[in-house]
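As you go down the protein sequences, you meet chains A and B in turn.
Each number in the working numbering comes from the position in the first sequence (counting from 1) with 55 added on.
Each number in the working numbering comes from the position in the second sequence (counting from 1) with 55 added on.
We put the CB at the ideal spot given by N, CA and C, even for glycine.
Okay, so here's the structure we're looking at.
Number of protein chains: 2
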Amino acid sequence: MIKKARKLGRGVAIVGAGMSKFGTFRGMSGRDLVVEAFKEMRASVDKGFDPNDIEALYVGNLSSDLFEGQAHTAPIIADWLGMIPKPATRIEDACASSGVALREGIIAIASGLYDIVLVAGVEKMTDLPTERVTDTLAAAADAIYELPAGFTFPGLYAAIATAHMKKYGTKIEHFMKVAIKNHDNGALNPKAQFNSSIRDIMASRMKKAEERGQPVPAWRDEMDFLNDPQANPIIAWPMRLFDCSPITDGAACILLAAEEIAKNFTDNPIYIIGAGQASDVALHQREDLTSITAAKVAAQQAYEMAGVKPQDIQIAEVHDCFTIAEIVATEDLGFFNPGEAPKAVEDGIMARDGAKPINTSGGLKSKGHPVGASGAGQVVEIWSQMRGEAGARQVRGKDITLALTHNVGATGGTCVVHIYERR
Amino acid sequence: MIKKARKLGRGVAIVGAGMSKFGTFRGMSGRDLVVEAFKEMRASVDKGFDPNDIEALYVGNLSSDLFEGQAHTAPIIADWLGMIPKPATRIEDACASSGVALREGIIAIASGLYDIVLVAGVEKMTDLPTERVTDTLAAAADAIYELPAGFTFPGLYAAIATAHMKKYGTKIEHFMKVAIKNHDNGALNPKAQFNSSIRDIMASRMKKAEERGQPVPAWRDEMDFLNDPQANPIIAWPMRLFDCSPITDGAACILLAAEEIAKNFTDNPIYIIGAGQASDVALHQREDLTSITAAKVAAQQAYEMAGVKPQDIQIAEVHDCFTIAEIVATEDLGFFNPGEAPKAVEDGIMARDGAKPINTSGGLKSKGHPVGASGAGQVVEIWSQMRGEAGARQVRGKDITLALTHNVGATGGTCVVHIYERR
């Protein structure tokens, strides 16, 4: 049923990438955040370029409609970037919006229509009162069949988590290990919303309690802290507060160029050699909740196009909107056998200095999850790591020539996977 | 500044097209409407086809988020059409969403990634109370700079209309002539929301008044009727009720195939030989309101790609969300010199039996304007007319081999133009 992935008609490379800081930015609109990301992207282009040479804009965005009361956001962003009258198109596939926007940018260059395309991802989420954000995001689930049952995303991913626990014996502690690892990475990422390790968060709270003369919690280590129902309350069992990615404002920009002109921009472009996208039924219709079929299909397409295998991938940014999502993702991508990712995280294999570093950026969990920008944000990390520019969180002892991003919409209604090569 | 339009790497043809009835359909969701359109499209494919051969779905939709509380609608529609796990991507550029979705489908085939792509457009608008629809649509204007000034779309287009009146001496009666013409066409379109001529609407109201023993209005002709402030109240001067397109539910589907396999589907495919897309600043920033720059740029790209001139185009569906929009569109497309479209409509040149038939479907004005479906709906009319299948509204005495569609987002922040050839 699944057609073998084809080759694109023309090679495409990333020649620049940048992102705004992820966090809470009152008084800034989505369009302002894209301008921040664009400036960072522009500064990343080694040989410089004339922004007037960009021929088209693809914007990934989940719902500026619901978050900002602003539809038709693509031409407004084009205006803010000085790109008028270039074509500007918004792509929406829930939290996979900017991963899919990247795909559309690649396809557009491969078609021969353009040579240079800007891909942006953006979400301005904090204009809404916090208590309304979860309900708003729930629009990305099935509004007819899932929402009337009372589901929001923590509950949907909790269902995935409990299924994984039942089938494979996965423990709550495994989820916590994902959070600890991703915060360890995010602590080294100046663009991250939460750039503190959980150990530091814990120590800071203990210190504050001591300073205030309050009883100092008896946390010996991060696991004690995360097991504390007050410090880490249950959101939707077994997902606790630190299992959930935050509400975030942010944007990211990626500059794409046809392979044959990539070296006009940089001597060190990152080539996109594999691309896959797939869809799935809504969660309530699935027979098995322990994996995401769209991720497996998209990964298969990307691996086939790239001619590589899961074990060849050296680093990956995967969609960890909840800690369980990272476990499922790394199994779906074939990095680990089904049910074996929990042990891998426990053994440190996914750590920055492990055999298979996952989410060196901090992931959505720690870097933040401005939903429409998250897919493009993953690419910014891959760009930095592959070029050896990731600073304190640079993966050591590996010459990274092959990397992957995995971006999921909702509970896997969409998944998009890309594979990157440095030559 | 505007780069010369390139050729696509590979030819693309339309091999099937269909639409749901446009109107008010309580109890049907957007996904249901797409299924209706898909069935019609499927029946239109002369040699039949296996839906499993479709490789990807592009869905144009303005805001299922705001209208239905449903984001991430593309994979849900893919599921409803039995297309899982094929990639499904939503495209949003306000009321140009499905025109741009068509463009993305064309680009995707041209890239070599796919051979067969389904393009859908859909909007389910009537779930919201009527009084909230205008406010909801206003999200497609600039929410920061235009909406606080009190603008909604009738007001924005009224500003365009008054500018045209001032610069060119255009009269309210010219707008009315557009409405009369488009209702004349829509009266012959069984899929149209308002499939009555204005003459028939007038006669029916007079008859009803007579039957009820009420005073019979003294309307001698359509112009009397449209000049009556009670029958045709002012919405935003000079735009009156019959100058405005309606609130509509509807969907349309287009099946695209690579040129080299098009004849597997039909001996009579329609080839897409020109495509253009452009953006513009929001209306409040423009120096001149009497034309839409994005339309002129998109048209120039499409003409250059197709190697044809405005005078070569035999019929066109243009974006008449308001009657003034059709006047501006036909000037922007180069069919008439600036300021000369009002006389052209007066002289019957745009009528179905005129020299340049415009909106033979009834246009958005009479056929209906389910915003995200309107661009795809235009293509359904072109498909029917070019193949001689438009029934009672078939343009006579012309062998139509060259046609055009013009689809606008908001007040021209986006415009997308396509040119079609029958060989």
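- Flagged as an interface residue toward chain B: A:GLU123, by a C-beta distance shorter than 8 Å.
- Closest in C-alpha terms to B:ILE437, from the list B:ASN414, B:ALA111, B:ASP148, B:ALA291, comes B:ASN414.
- Listed by position along chain B, the residues whose Cβ is nearer than 8 Å to that of A:ILE131 are ASP197, ALA337, GLY468.
- With a cut-off of 8 Å on Cβ pairs, the region 425-442 of chain B is in contact with the region 143-161 of chain B, counting three or more such pairs.
- Assigned with DSSP and collapsed to three states, B:ASP105 falls in coil, not helix or strand.
- Contacts between A:GLU159 and chain B, judged by CB atoms closer than 9 Å, involve THR144, ILE146, GLU159, ILE162, ALA163 in chain order.
- Any Cβ of chain A closer than 8 Å to the Cβ of B:VAL188 would place that residue at the interface, and such an atom is absent.
- Only those residues of the region 248-274 of chain A whose C-beta falls short of 9 Å from the nearest C-beta of chain B would be listed, and there are none.
- Neighbours of A:VAL352 in chain B, taken as residues whose beta carbon is under 7 Å from its own, are PRO140 in chain order.
- Proximity of A:HIS424 to chain B, defined by a Cβ-Cβ separation below 8 Å, is not satisfied.
- The beta carbon of B:GLY71 is closer than 6 Å to those of MET96, SER99, VAL100, LEU310 in its chain, skipping five residues each way along the sequence.
- Fully contained in the region 143-176 of chain B are the following beta strand (DSSP E) runs of length 3 or more, in chain order: 143-147.
- Looking at the DSSP output, B:SER429 sits in no beta bridge, so it has no partner there.
- Using a Cβ-Cβ cut-off of 8 Å, B:GLY464 is close to HIS127, PRO130 of chain A, given in chain order.
- Residue A:VAL373 holds the alpha-carbon nearest to the alpha-carbon of A:CYS470 among A:GLY418, A:VAL373, A:VAL435.
- The Cβ-Cβ distance between B:THR466 and B:LEU211 falls below 8 Å.
- Between A:SER84 and B:ALA126, the C-beta gap is not smaller than 8 Å, which leaves the two residues out of contact.
- With the criterion set as a beta carbon lying under 9 Å from some beta carbon of chain B, the members of the region 312-343 of chain A are ALA330, GLY331, GLN332, ALA333, SER334, ASP335, VAL336, ALA337, GLN340, in sequence order.
- DSSP, read as helix, strand or coil, puts B:PHE80 in coil.
- Secondary structure of A:SER259 (DSSP, three-state): helix.
- When C-beta distances to chain B are compared with 7 Å, the residues of the region 167-180 of chain A below that value are GLY167, LEU168, in chain order.
- Straight-line measurement puts the Cα of B:ASP335 at about 23 Å from the Cα of A:PHE122.
- A straight line joining the alpha-carbon of B:THR181 with that of A:LYS318 spans about 52 Å.
- In this structure, the CA atom of A:ILE199 is about 19 Å from the CA atom of A:GLU342.
- Contact check for A:ALA234 against A:LYS420 passes: the beta carbons are separated by less than 8 Å.
- If you look at B:GLN356, you'll find it in the alpha helix (DSSP H) that goes 348-361.
- For A:GLY64, the chain B residues whose Cβ falls inside 9 Å of its Cβ are GLY64, ARG65, ALA165, SER166, GLY167, LEU168, in order along the chain.
- When Cβ pairs closer than 8 Å are counted between the two stretches, the region 177-192 of chain A is seen not to touch the region 175-191 of chain B, the count staying below three.
- In terms of CA proximity to B:THR217, B:ILE379 leads the group B:LEU338, B:ILE379, B:GLY446, B:ASP375.
- By the rule that beta-carbons nearer than 8 Å mark a contact, B:LEU117 touches chain A.
- The C-alpha of A:ASN282 lies about 41 Å from the C-alpha of A:ILE327.
- B:MET74: member of the beta strand (DSSP E) spanning 67-74, first to last residue.
- Secondary structure in the region 219-298 of chain A: the beta strand (DSSP E) runs of 3 residues or longer, each lying completely within the stretch, are 289-291 in chain order.
- When C-beta distances to chain B are compared with 8 Å, every residue of the region 447-463 of chain A stays at or above that value.
- Residue-level contact by beta carbon holds for B:THR348 and chain A, with a gap shorter than 8 Å.
- Within the region 361-385 of chain B, contact with chain A at the beta-carbon level (separation under 7 Å) is assigned to no residue.
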